[in-house]
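Step one of this worksheet: look at the structure below.
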Amino acid sequence: MLGSRGVEKMFQALCVDSCAGLYLTNFCEQSGNKLWENAVNFWTDLQHYHELFYQDGLDPYRVQREAQLLYSTYLFSSARRSIGVDEEIRREVYDRMMPAFEELFDKVEEHTLNILLEPWTLLVSRDKESFQKVCVQEEVRCIDSQEYRELQSLYEESERRLKQVEQCGSMLFPSPFTLSTPLLKGPQTPDSWSRVSPNYRGYRLGSLLRHRHEIGHFMSFLQNQDASIHLMCWLDLEQYRRTSQKDRVVRQERSSHIATKYLNRKYFFGSDSPATTEQQNDILRLAGGLERLKIECLSNPVIVEIQDVVRSHIEKKWLPLFLSTAEFTERQKHQPKPQAADRLSQHVYRRRRTRREAGKAEGLWMSSSKEILLFRRILLNPVTCTQFQHFVSLKGDFLENDVLFWLEVQRYKDLCHSHSDEATIQQKISTIINCFIDSSMPPALQIDIPPEQAQHILEKRQELGPYIFREAQMSVFSELLKFWPEFQELSSSVQEEQLLPLLKEKRIKHTARVRRQRRKEEEKDERRRTQEDVERPESSFREEEETDDEDEVEEEQEQRSGKKQSRTQSRVLLTPTQPLSWSYSKYMAALKREEVLLRRQSQLEASFSTASGGVRACNMK
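At position 106 of the sequence shown (counting the first as 1) the number is 106 in the UniProt record's numbering, and the numbers step up by one without a gap.
Here it is as structure tokens:
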């Protein structure tokens, strides 16, 4: 079993090997070991294969061709660059090659990294030995030139003045603390990185942004220091830089927002700017002046220059202060450990970020290959998948559907690889669409993907072929990946056999709480509608009493104008009526109206009988 620390360092070396002069590749080639040479070449070619899935517009023919080329070159039993893959893995890759998906060579990649760990360990040990053999010789050379003599005189003069200041300070303030007075001079502060632990001195902004749980802590730290504007500026610039050139309206809006919020006298061109006066002038000259900077869309060279300035300021001043805090050190000690069921995946396999523009700078949206491979195994493992499914059901309405959709797409891929007939595959596609993308139950879209993406699937269903759910599955996967660190923290704090019962109990309580809330809202709406229905007939009764005389006059007029009445009735009959509907609230309101009408009718009859009795008595007299 390989150690994760060694694989992590080796993967970092592989990622930058092309920028470092192919140091590891040349070592494997010069070693004479064909297996090492073939393994490092396969890993390089595999990264090009992965990039095909994140380019704009997937080309299925090119993907299929690259997959077949990798198989025939490195995996085939009589391949000229064989990497010694087991027959079981080779057979599995061959069966899943039509069509080829991104995770096709995952197990082969693990096998390759296990092979490359041996030459990497040997290379590191040889480098350490060679460094230890180098004799350190101290040699002092005196340079006697005009410039050196001027510098020497300036140094002696500054030393003399410094001693005078110390003597004056000791005479005025005899306290022993006067020895620290030179530290009060502004620019002569010690290097902030000296207080950072040696384990974290290699951290930079890109390293911190890859740890998603730490970026929030860093933002809170900057807010407490009233310096959050630096990180917000860098992130907004990164978002603008990643916006497509085709989205002109969006780019114009973001450019205006950046110019208004950051490129002004209060921040970037002010006294507290992270840029020096010379850097500010260079950026203004590159942009064509301050007015043009505010009116026109920012060009990429200007964005890159401003980003470099802000990033350098953050890394020199604020990042070391954050890394030296006790809270950061304490969080690193309590990092969650992977589950026992997935110890095979505890090697840190880092792959290029699943992004559309391969080779871009590191940023907040980057993720390690370890997270992707480990998370895939979690979802494909029935036990851990059930645990994660119960966990995300507490976090959002559609997250549980996201898990089910991802699993169904994986089953659809397996169906494609089983070479089933076209009717069965189309039926599976229709089932997935009807359940998650165009459901008969409202809302129609039951998963967390953009509506445009769902519409694209419905419109281009016949054209997309076997990759119909590729982008939707990637969107769902990235949405679920956000909850992976939190799930790791919970699973590491609870015993494995207690995790599922705990999640089920939380889910029951959450469901009951949601139902109570909905019931309260329904009862509130019911009372409001009932009150409105009760108030409506009472007001109509008052109006009827006021208009009794008017009704009698209208009846006389209607008797005189029979033709007009018939025309009016015909128009009323032709008018479309409201659709009939029944509800409990309307039924109760109708009963109350009927009760009021009966009460009023009985009152009218009683008053009428009293009046008629009085008239009879008068006639008898």
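For every residue, glycine included, the Cβ atom is placed at its ideal position computed from N, Cα and C.
Through-space distance from residue j to residue i, alpha-carbon basis
i      : j      : result
Lys316 : Arg242 : 25 Å
Ser439 : Cys297 : 42 Å
Glu147 : Arg141 : 15 Å
His257 : Leu205 : 23 Å
Pro274 : Gln280 : 9 Å
Val383 : Leu499 : 11 Å
Phe398 : Met474 : 16 Å
Ile215 : Leu208 : 7 Å
Ile457 : Glu496 : 39 Å
Ile295 : Met232 : 21 Å
Lys133 : Thr121 : 19 Å
Arg81  : Lys34  : 8 Å
Pro485 : Leu151 : 56 Å
Asp17  : Asn381 : 34 Å
Leu237 : Gln332 : 29 Å
Ala512 : Glu594 : 39 Å
Arg254 : Tyr262 : 12 Å
Lys509 : Phe11  : 44 Å
Leu597 : Leu445 : 48 Å
Arg265 : Ser299 : 20 Å
Glu489 : Ile437 : 32 Å
Gln603 : Glu522 : 37 Å
Asp448 : Phe405 : 10 Å
Cys28  : Trp36  : 6 Å
His48  : Glu159 : 60 Å
Anticipated Cβ contact below 8 Å, residue i with residue j, distance rounded
i      : j      : result
His230 : Trp318 : 7 Å
Leu75  : Arg90  : 5 Å
Val310 : Ile283 : Contact doesn't hold; Cβ gap of about 11 Å is too wide.
Leu502 : Val494 : 6 Å
Ser324 : Arg507 : Not really, about 41 Å apart at Cβ, beyond 8 Å.
Val124 : Phe105 : Not really, about 26 Å apart at Cβ, beyond 8 Å.
Trp234 : Gln307 : 6 Å
Leu407 : Lys428 : Not a contact, Cβ separation roughly 13 Å.
Glu102 : His50  : 7 Å
Residue nearest to residue i in terms of C-alpha spacing, selected from the options
i           : options                        : result
Ile372      : Leu480, Gly465, Glu459         : Leu480
Glu305      : Ile295, Leu286, Gln12          : Leu286
Val403      : Phe375, Thr424, Glu422         : Phe375
Arg529      : Ala590, Leu35, Leu290          : Ala590
Phe53       : Glu471, Tyr155, Asn401, Thr511 : Glu471
Tyr467      : Val494, Leu237, Val409         : Val409
Lys107      : Ala13, Leu122, Gly84           : Gly84
Gln531      : Lys592, Lys509, Ile314         : Lys592
residue 636 : Leu222, Cys416, Leu415         : With the chain covering only 1 through 621, there is no way to say anything about residue 636.
Met219      : Phe328, Val16, Asp308, Glu8    : Phe328
Phe477      : Arg160, Glu400, Gly465, Leu24  : Glu400
Val7        : Leu604, Glu118, Arg210         : Glu118
Lys395      : Phe405, Glu330, Phe483         : Phe483
Lys413      : Gly465, Glu139, Asp56          : Gly465
Tyr240      : Ala259, Gln225, Ser77          : Ala259
His213      : Gly57, Arg527, Phe487, Glu505  : Phe487
His217      : Glu157, Glu330, Gly289, Arg160 : Glu330
Where residue i falls, given that 16 or more other Cβ within 10 Å makes a residue buried
i      : result
Met441 : exposed
Lys524 : exposed
Arg356 : Since pLDDT at Arg356 reaches only 42, below the 50 mark, its modelled position is unreliable, and no value is offered.
Glu109 : buried
Ile378 : buried
Glu278 : exposed
Pro450 : exposed
Val250 : exposed
Lys246 : exposed
Gly21  : exposed
Asn38  : buried
Ser72  : exposed
Thr25  : buried
Phe131 : exposed
Cys19  : exposed
Ser491 : buried
Leu154 : exposed
Leu293 : buried
Leu14  : buried
Short CB-CB distance (under 7 Å) between residue i and chain D
i      : result
Thr276 : In summary, chain D is missing from the structure at hand, where a single protein chain is found.
Should the stretch 93-113 be called in touch with the stretch 53-68, which here means at least 3 C-beta pairs below 8 Å? yes
When you compare the stretch 191-204 with the stretch 267-284, are there three or more beta-carbon pairs, one atom per stretch, that lie closer than 8 Å? no
Hey, is the stretch 102-120 in contact with the stretch 34-50, meaning 3+ C-beta pairs nearer than 8 Å? yes
I'd like to know if the stretch 419-438 and the stretch 451-464 are in contact, where contact means that at least 3 CB-CB pairs between them fall below 8 Å. yes
For the 8 Å Cβ check, are there 3 or more pairs between the stretch 411-428 and the stretch 501-519? no
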